[in-house]
Amino acid sequence: MFAYIIKRLLYAIPIALSVTVVSFVLVYLAPGDPLNAIAPADAPEEVIVALKSAYGLDKPVPVQYGLWLLRAVQGDLGTSIASGRAVTAEVLSAVSNTLLLAGMAALGGVLIGCILGALAGYRHGTWIDRVATVVSVIGVSIPHYWLGLVLTIVFSIWLPWFPAMGAGPGGSSEWLWDVEHLRHLVLPALTLSVIPMGIITRTVRALVADMLEQEFVAALRARGLSAIAIFRHIAKNTAPTVLAVAGLQIGYLMGGSILVETVFAWPGTGFLLNTAIFQRDIPLLQGTILVLCMFFVVLNLLVDILQPLIDPRMGRG
Amino acid sequence: MSASLELSLPAAAVAAQAPSRSYWLVVWRQLRHDPMALAAGLVLLIIIGAAVFAPWLAPADPFKASMIKRLLPIGSPGFLLGTDELGRDMLSRLMHGGRLSLLMGVVPVLAAFGIGTAIGLFAGYVGGKVNMVIMRVLDVFYAFPSVLLAVAISGALGPGMSNSLLALTLVFVPQVVRVAESVTTQVRQLDYIEAARMSGASAFSIIRVHVLGNVLGPVFVYATGLLSVSMILASGLSFLGLGVKPPEPEWGLMLNTLRSAIYVNPWIAALPGALIFITSIAFNLLADSVRSAMDIRR
Chain A
1 MFAYIIKRLL YAIPIALSVT VVSFVLVYLA PGDPLNAIAP ADAPEEVIVA
51 LKSAYGLDKP VPVQYGLWLL RAVQGDLGTS IASGRAVTAE VLSAVSNTLL
101 LAGMAALGGV LIGCILGALA GYRHGTWIDR VATVVSVIGV SIPHYWLGLV
151 LTIVFSIWLP WFPAMGAGPG GSSEWLWDVE HLRHLVLPAL TLSVIPMGII
201 TRTVRALVAD MLEQEFVAAL RARGLSAIAI FRHIAKNTAP TVLAVAGLQI
251 GYLMGGSILV ETVFAWPGTG FLLNTAIFQR DIPLLQGTIL VLCMFFVVLN
301 LLVDILQPLI DPRMGRG
Chain B
1 MSASLELSLP AAAVAAQAPS RSYWLVVWRQ LRHDPMALAA GLVLLIIIGA
51 AVFAPWLAPA DPFKASMIKR LLPIGSPGFL LGTDELGRDM LSRLMHGGRL
101 SLLMGVVPVL AAFGIGTAIG LFAGYVGGKV NMVIMRVLDV FYAFPSVLLA
151 VAISGALGPG MSNSLLALTL VFVPQVVRVA ESVTTQVRQL DYIEAARMSG
201 ASAFSIIRVH VLGNVLGPVF VYATGLLSVS MILASGLSFL GLGVKPPEPE
251 WGLMLNTLRS AIYVNPWIAA LPGALIFITS IAFNLLADSV RSAMDIRR
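Structure below.
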């Protein structure tokens with residue numbers, strides 16, 4: 001078990017390193033000079049040179065990468081070209097907002113998906129099974145940015161129940177656990193939860209239906225166990241797979257929230273990426289992509305480590 | 001002699017032989033009798049038809065704006081589906097919009113299908129260290145959530161249609177390679193490949209004759225499943241302002257520019273997204289049907 005965790009950790013290191021390379025190099029694919037965002041077009045030569053050395057752009061790219069990585073591991077992702085503020089602070093506040101949104105969406109989606117999937121698996125071929133099938137097809141087919149728009153129309157314009165914009169009253173980006181902030185969370189989280197709901201419903205439905213066919217379930221029945229006791233056995237056997245799928249979903253949601261955040265003006269990483277892209281703010285773009293991907297790498301790692309903990313068969317394999 | 005042998009063949013053997021000879025024909029027959037596949041195919045045919053023939057079918061010029069006819073409701077005289085925020089005919093714009101939306105959704109999948117299969121075949125057939133290096137490099141792309149990767153690449157390259165096509169292709173290639181590589185690796189170890197190699201067949205002809213046929217099926221199924229994802233992502237990039245540029249009609253971009261209209265005429269604002277949804281559902285249902293139809297092998 002211990003050896004497995006070490007092995008998995010070691011495997012994550014090259015992946016994490018490559019992610020830093022990709023995050024760094026990605027923006028160098030772009031045509032145009034990053035200095036265009038700050039320097040006026042008619043800036044004299046010495047100003048350009050001074051700015052270049054101030055941002056470290058005068059050195060060769062591999063050296064720039066090394067310096068960037070060195071500072072990044074110390075928690076310094078540079079200075080945003082557009083706003084002049086520290087990238088780390090901006091990214092962390094945005095990531096916490098995105099994490100909140102993605103976490104809530106995953107929680108809701110996974111919970112409903114599990115219940116619906118289990119019911120459908122148990123009641124194969126009934127109306128609830130058909131509802132589950134429809135939910136899972138819609139969940140994977142719906143453009144969620146459009147769903148956000150439709151939910152806004154229904155629950156914000158027709159029925160003025162929930163606010164449509166921002167994370168708090170007056171466009172505040174600081175999250176607080178109060179009713180007003182939670183009301184702002186409802187629509188974006190609901191929108192985003194449809195994706196994991198569909199996928200989890202499909203997964204759980206297939207797993208439960210498959211499990212019920214297994215011989216050990218028949219054996220349990222023959223021994224006279226109650227339905228609840230049998231369900232506990234089934235739940236235990238489906239948990240590892242569901243955990244793996246759900247864990248990955250949180251990661252995908254952190255990326256997928258970009259579009260939903262744009263719809264609801266949610267002050268998260270999607271908003272930050274938008275700013276970074278359209279203002280050609282390279283340090284901000286690199287920093288945001290890096291932090292989001294590191295979250296994804298860590299999440300994958302956690303899932304891989306947690307799985308054998310709840311399913312001892314895997315640790316031995 | 002041969003005639004009597006043929007007669008004595010057990011019926012089961014004949015039945016088992018028939019599908020393998022005309023496998024795709026059987027899949028096609030299966031699909032034709034699947035109501036879900038037929039419905040999805042019909043919907044797609046209508047949407048694709050409307051898009052392809054938009055220049056001849058559309059009732060109005062999709063670019064002709066009118067300041068006094070802005071945001072007319074659905075069913076207005078002369079404007080069947082109303083007008084957008086610049087007074088342009090919605091029906092015409094939706095029909096023309098389908099051209100770019102479908103193109104941007106389908107082309108990356110086709111490109112990834114071709115490139116991914118080629119890389120996967122190569123990696124799987126060569127095997128060993130080369131395979132390991134290729135697959136490890138592709139693992140890195142798996143460390144990125146696909147939406148983030150698409151946004152990051154097209155954001156880094158700068159807004160524009162060709163850049164978002166490139167970004168989506170790059171997102172899908174590693175996934176297709178994984179499927180193609182795993183099938184190739186399995187097939188490569190089979191005895192008849194070894195036999196072909198020993199009888200002097202070149203690597204290229206072994207791949208073309210013996211491996212490709214096994215790999216194409218699974219990769220095809222996987223790629224059809226990607227179509228709806230690609231549609232949603234491509235329109236999503238345009239929605240973010242990273243894809244098609246205005247005033248070009250495209251569903252995702254229209255959804256974006258009509259966002260301000262949700263307080264005035266919400267139905268109009270929701271229309272382009274509804275089309276993305278319908279197309280993507282149809283692609284998904286068709287992909288499900290294709291998957292189960294192709295499962296009949298053996």
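For the protein sequence lines, the chains are A and B, in the order given.
Using the UniProt record's numbering, read the first sequence as starting at 1 and increasing by one per residue.
Using the UniProt record's numbering, read the second sequence as starting at 1 and increasing by one per residue.
Glycine residues also receive a C-beta, built at the ideal position from the N, C-alpha and C atoms.
Legend entry - Assigned secondary structure, Ala39 of chain B (DSSP; H/G/I helix, E/B strand, else coil): helix
Inset, instruction - Answer yes or no: does any C-beta atom of chain B fall closer than 9 Å to that of Pro14 of chain A? - result: yes
Inset, instruction - State the DSSP-derived secondary structure class of Ala82 of chain A, mapped to helix, strand or coil. - result: coil
Inset, instruction - Could you name the residues of the same chain whose beta carbon sits closer than 8 Å to that of Leu149 of chain A, not counting the 5 residues immediately before and after it, in chain order? - result: Val263
Legend entry - Beta-carbon proximity check, Met231 of chain B vs Gly87 of chain B, cutoff 9 Å: no
Inset, instruction - Quick one: list the residues of chain B neighbouring Trp175 of chain A, beta-carbon separation under 7 Å, in chain order. - result: Near Trp175 of chain A there are no residues of chain B at all, since even the closest Cβ is about 22 Å away, more than 7 Å.
Legend entry - Simplified DSSP assignment, three categories, for Asp89 of chain B: strand
Legend entry - Simplified DSSP assignment, three categories, for Thr83 of chain B: strand
Legend entry - Coarse secondary structure for Ser193 of chain A, derived from DSSP in three states: helix
Inset, instruction - To the nearest angstrom, report how far apart Val107 of chain B and Gly56 of chain A are at their CA atoms. - result: 39 Å
Inset, instruction - Grab the span of the alpha helix (DSSP H) containing Val211 of chain B for me, first residue to last. - result: No alpha helix (DSSP H) contains Val211 of chain B, which DSSP labels as neither H nor E.
Inset, instruction - Answer with yes or no whether the minimum CB distance from Asn300 of chain A to chain B is below 9 Å. - result: yes
Inset, instruction - Please report the residue range of the alpha helix (DSSP H) in which Val264 of chain B lies. - result: It is not in any alpha helix (DSSP H) - Val264 of chain B carries neither H nor E in the DSSP assignment.
Inset, instruction - Check whether the Cβ atoms of Met161 of chain B and Leu100 of chain B lie closer than 9 Å to each other. - result: yes
Legend entry - Assigned secondary structure, Ser162 of chain B (DSSP; H/G/I helix, E/B strand, else coil): helix
Inset, instruction - Within its chain, find whatever has a CB closer than 6 Å to the CB of Val105 of chain A; leave out the 5 residues flanking it on each side and keep chain order. - result: Before going on, a small fix: residue 105 of chain A reads as Ala here, not Val. Excluding residues within five positions, the ones whose Cβ falls inside 6 Å are Ala189, Leu192, Ser193 and Leu253.
Inset, instruction - Identify every run of the alpha helix (DSSP H) within the stretch 213–249 of chain A, keeping only runs that are complete inside it and at least 4 residues long; order them along the chain. - result: 215–222
Inset, instruction - Could I get the ranges of all uninterrupted alpha helix (DSSP H) runs contained in the stretch 173–201 of chain B, with 4 residues as the minimum, in chain order? - result: 191–198
Inset, instruction - Let me know the secondary structure DSSP gives Ser66 of chain B once reduced to three states. - result: coil
Inset, instruction - Would you identify the three-state DSSP class for Ser96 of chain A, choosing helix, strand or coil? - result: helix
Inset, instruction - Determine the burial state of Glu46 of chain A: buried for a count of at least 16 other Cβ atoms within 10 Å of its Cβ, exposed for fewer. - result: exposed
Legend entry - Per-residue contacts from Val140 of chain B into chain A (C-beta, under 7 Å): Ile15, Ser18, Val19 and Val22
Inset, instruction - May I ask which residues mark the beginning and end of the alpha helix (DSSP H) holding Ile282 of chain A? - result: Ile282 to Ile310
Legend entry - Any C-beta of chain A under 9 Å from that of Tyr291 of chain B: Correcting the residue type first, residue 291 of chain B is Arg in the shown sequence and not Tyr. For Arg291 of chain B, the answer is no, since every Cβ of chain A falls outside 9 Å of its Cβ.
Legend entry - Sub-9 Å separation of Leu290 of chain A and Thr20 of chain A beta-carbons: yes
Legend entry - Residue(s) in a DSSP beta bridge with Ser76 of chain B: B:Phe79
Legend entry - Rounded C-alpha distance that separates Gly109 of chain A from Phe277 of chain B: 20 Å
Inset, instruction - Can you grab the Cα-Cα spacing for the pair Pro60 of chain A / Ser23 of chain A, in whole Å? - result: 17 Å
Inset, instruction - Report all residues from its chain with a CB closer than 8 Å to the CB of Glu6 of chain B; omit the five preceding and five following residues, and keep chain order. - result: With a pLDDT of 42 at Glu6 of chain B, under the threshold of 50, the modelled position of that residue is not reliable, and the figure given next carries that caveat. If we look at Glu6 of chain B and ignore the five residues flanking it on each side, it has no Cβ neighbours.
Legend entry - Exposed unless 16 or more other CB atoms sit within 10 angstroms - verdict on Ala12 of chain B: Because the pLDDT of Ala12 of chain B is 40, which lies under 50, any placement of that residue in the model is unreliable, and the number read from its coordinates should be weighed accordingly. Answer is exposed; the Cβ neighbour count stays below 16.
Legend entry - Terminal residues of the alpha helix (DSSP H) in which Pro62 of chain A lies: Val61 to Val73
Inset, instruction - Under 6 Å Cβ to Cβ from Ser18 of chain A, same chain only, skipping five residues before and after it: list those, please. - result: none
Legend entry - Candidates B:Glu181, B:His210, B:Val183 and B:Gln186, of which the one nearest Ala195 of chain B by Cα: B:His210
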